[in-house]
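J.:
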Amino acid sequence: MTDLAQLELDLINAIGSAESVAGLEDIRVAALGKSGSISGLLKGMGALSPDERRERGPVINGLRDRVSSALSARKAELEAAELDARLLAERVDLTLPSRPRRKGGVHPTMQVMDEMVAVFADMGFSVAEGPDIEDDFHNFTALNFPPKHPAREMHDTFFLKPDPETGERKVLRTHTSPVQVRTMMSQKPPIRIIAPGRTFRKDSDATHTPMFHQIEGLVIDRDIHMGHLKTTLETFIARFFELDDVHARFRPHHFPFTEPSAEMDIRCDRSGGKLTLNEGEDWLEILGCGMVHPNVLRNCGIDPDEYQGFAFGMGVDRLAMLKYGVPDLRPMFEADTRWLAHYGFSAFAAPNPASGLS
């Protein structure tokens, strides 16, 4: 057996015995690489005479071609075997149930409303509810709104068509204060309630929408004063925003249903295009409040000489914006599931003042 025949036999046997693509590559380099055995034979052709090159050239080239073909065939076999092994190891069991996917989330407004209710419930408040469609007495008159007050005008309020029999025009409630009126008319003091729910006004911009959510609070008892109001609201804000303390101020204001009335501001920092609460030298108005007007108590059948109390109201959606960094109020009502996936909350994350709200 000539040296070329023996070389071919050895290479073919080595190729057939290769157990991996990496091992096969080592054989290829040893035979056909820059310093390989067959490459060395091809390089030595230059030292031969023309007659010897004509005789040995086809033999060596044939050897190279057969070895290359054997390498390609064995590589295909090894790659197919590796693929079969991967498919066997990584196969999908189609009988298993699919992985659970979250099908929805709690809207930030509902999450924040639950958080607020949890805080006030921990402070002894109960939840009261009322209808979204109200009459003039509960929405305006009982709350000491004068006949020509702007809130009674068409440009501020959604009025329904007149009743064909009585001519009365009902209204989509502009606040949840009618719930306070109904509570005062149906139960005797002491009263301590919050009234969460939807309200409706003709506003629409980055911080106002025609339909929004409010929580209002009412406390009626003997010897209630502004100190009780301030402590209640400061305690709520601290717990809701999970702060150690609150830097707040109460500015004189006017509401028809409270006297004296005030707006509560908390300190904030607006530098750098970012709003940070309870820091800095600026102020942010957060809610309205005041002592219940004696006329409101009289309209609801409560003697203002014997009882007094305080009331407050705040926007749930705007507090959600502040707490969770929502820049615009309008997308909260646009039914975009991508927005909800970003800002939404797990249905299992029930707010609890003991374990944490957010």
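Residue numbers for the sequence shown follow the working numbering, beginning at 2 and rising by one.
Here a beta-carbon is modelled for each residue, glycine too, at the ideal position from N, C-alpha and C.
Using C-beta distances below 7 Å, list every residue in its chain close to TYR344, excluding the 5 sequence neighbours before and after it, in chain order.
T.: Locating residue 344 in the sequence shown gives position 343, where the first residue counts as 1. Contacts found: PRO109, TYR325 and VAL327.
J.: Taking the alpha helix (DSSP H) that ARG102 falls in, what are its first and last residues?
T.: Translated into the one-based positions of the sequence shown, residue 102 becomes position 101. Per DSSP, ARG102 lies in no alpha helix (DSSP H) and is assigned neither H nor E.
J.: Starting from GLU53 and walking both ways along the alpha helix (DSSP H), at which residues does that stretch end?
T.: Walking along the sequence shown from the start, residue 53 turns up at place 52. Looking at the DSSP string, the run of the alpha helix (DSSP H) that includes GLU53 is 51–90.
J.: Would PRO257 and ASN145 be called neighbours here (beta carbons separated by less than 8 Å)?
T.: For the purposes of this step, residue 257 is identified with residue 256 of the sequence shown, where counting begins at 1. For the purposes of this step, residue 145 is identified with residue 144 of the sequence shown, where counting begins at 1. Going by C-beta atoms, PRO257 is nearer than 8 Å to ASN145.
J.: Out of curiosity, what's the CA-to-CA distance linking LEU33 and MET46?
T.: As a working note, residue 33 is residue 32 in the sequence shown. As a working note, residue 46 is residue 45 in the sequence shown. Each residue's Cα considered, the two are about 15 Å apart.
J.: When DSSP labels each residue in this structure, what does GLU343 get in the three-state scheme?
T.: On the sequence shown, residue 343 is found 342 positions in, with the first residue counted as 1. Per the sequence shown, the amino acid found at residue 343 is His instead of Glu. Here HIS343 sits in helix by DSSP.
J.: Taking the continuous beta strand (DSSP E) assigned at LEU95, which residues delimit it?
T.: Position 94 of the sequence shown, counting from 1, holds the residue named residue 95. Segment: none, LEU95 is in no beta strand (DSSP E) and carries neither H nor E.
J.: Less than 7 Å between C-beta atoms, sequence neighbours within five positions excluded: which residues of the same chain meet that for ARG299?
T.: One-based indexing of the sequence shown puts residue 299 at position 298. PRO305.
J.: Along the chain, which unbroken stretches of the beta strand (DSSP E) at least 3 residues long are found entirely within the segment 239–267?
T.: 249–256
J.: Give the DSSP bridge partners of CYS362, in chain order.
T.: Outside the displayed span of the chain (2 to 359) sits residue 362, for which this structure offers no information.
J.: Find the nearest neighbour of ARG1 within the set ASP245, ALA249, GLU280 and SER40, judged by alpha-carbon distance.
T.: Since the displayed the chain opens at 2 and closes at 359, residue 1 lies outside it and no answer follows.
J.: Just list the beta strand (DSSP E) runs in the segment 146–231, keeping only unbroken ones of 3 residues or longer that don't cross its boundaries, in chain order.
T.: 192–201 and 212–222
J.: Could you give the C-beta distance for THR175 and THR142, rounded to a whole number, given that I count them as a contact under 8 Å?
T.: Residue numbering aside, residue 175 sits at position 174 when the sequence shown is read from its first letter. Residue numbering aside, residue 142 sits at position 141 when the sequence shown is read from its first letter. 13 Å between Cβ atoms; not a contact.
J.: Using CA atoms only, rank isn't needed, just tell me which of VAL317, ALA342, PRO190 and PHE346 is closest to PHE311.
T.: Taking the sequence shown and counting its residues from 1, the one referred to as residue 311 is at position 310. Checked all of VAL317, ALA342, PRO190 and PHE346; the closest Cα to PHE311 is PRO190.
J.: Suppose you measure from the CA of HIS209 to the CA of VAL93; what does that come to, to the nearest Å?
T.: Locating residue 209 in the sequence shown gives position 208, counting from the first residue. Locating residue 93 in the sequence shown gives position 92, counting from the first residue. Approximately 51 Å between the Cα atoms of the pair.
J.: Taking CYS290 as the reference, which of ASP4, LEU8, MET227 and ARG170 has the closest Cα?
T.: Along the sequence shown, one-based indexing puts residue 290 at 289. Answer by Cα proximity: MET227.
J.: Just the C-alpha distance for MET2 and VAL30, rounded to the nearest angstrom, thanks.
T.: For the purposes of this step, residue 2 is taken as the residue at position 1 of the sequence shown. For the purposes of this step, residue 30 is taken as the residue at position 29 of the sequence shown. Because MET2 sits at a pLDDT of 38, beneath the cut-off of 50, its placement in the model cannot be relied upon, and the following sentence gives the value as read from the coordinates. Near 25 Å, if we compare the C-alpha coordinates of VAL30 and MET2.
J.: Compare the C-beta of GLY106 with all C-beta atoms of chain C and state if any pair is closer than 8 Å.
T.: Chain labels in this structure do not include chain C; a single protein chain is all it has.
J.: With the cut-off set at 8 Å, would you say ILE221 and TYR308 are in Cβ contact?
T.: For this step, residue 221 is matched to residue 220 along the sequence shown. For this step, residue 308 is matched to residue 307 along the sequence shown. Yes, the Cβ-Cβ distance between ILE221 and TYR308 is below 8 Å.
J.: Name the two residues that bound the continuous beta strand (DSSP E) containing PHE311.
T.: Position 310 of the sequence shown, counted from the start, is the residue given in the question as residue 311. Element bounds for PHE311: 309–316.
J.: From this set, THR277, GLU280, MET292 and GLY273, which residue's C-alpha is nearest HIS254's C-alpha?
T.: Locating residue 254 in the sequence shown gives position 253, where the first residue counts as 1. Selected option, being the one with the closest Cα: MET292.
J.: Along the alpha helix (DSSP H) that carries LYS44, what are the first and last residues, could you check?
T.: Your numbering for residue 44 matches position 43 in the sequence shown. It spans 38–44 - the alpha helix (DSSP H) in which LYS44 sits, taken as one unbroken run.
J.: Please report the straight-line C-alpha distance between ASP11 and ASN62, rounded to a whole angstrom.
T.: The residue given as residue 11 occupies position 10 in the sequence shown. The residue given as residue 62 occupies position 61 in the sequence shown. Spanning the two alpha carbons is a distance of roughly 17 Å.
J.: ALA342: buried (16+ other C-beta within 10 angstroms of its C-beta) or exposed?
T.: What you label residue 342 is simply residue 341 of the sequence shown in a count that begins at 1. Counting Cβ neighbours within 10 Å, ALA342 comes out exposed, since fewer than 16 surround it.
J.: For the alpha helix (DSSP H) containing HIS294, name the first residue and the last one.
T.: Here residue 294 is taken as the residue at index 293 of the sequence shown, counted from 1. Where HIS294 is concerned, there is no enclosing alpha helix (DSSP H), given that its DSSP letter is neither H nor E.
J.: With PHE138 as the anchor, note down where its alpha helix (DSSP H) starts and where it stops.
T.: Taking the first residue of the sequence shown as position 1, residue 138 is located at position 137. Annotation: the continuous alpha helix (DSSP H) that includes PHE138 extends over 137–140.
J.: Pick helix, strand or coil for ILE303, following the three-state DSSP scheme.
T.: Start at 1 with the first residue of the sequence shown, and residue 303 comes out as number 302. The answer is coil: DSSP assigns ILE303 none of H, G, I, E or B.
J.: Leaving out five residues on either side along the sequence, give the residues of the same chain with a beta carbon under 8 Å from the beta carbon of GLY314.
T.: For the purposes of this step, residue 314 is identified with residue 313 of the sequence shown, where counting begins at 1. Only HIS176, THR177, SER178, GLN215, ILE216, GLU217, GLY218, LEU288, GLY289 and CYS290 meet the Cβ criterion.
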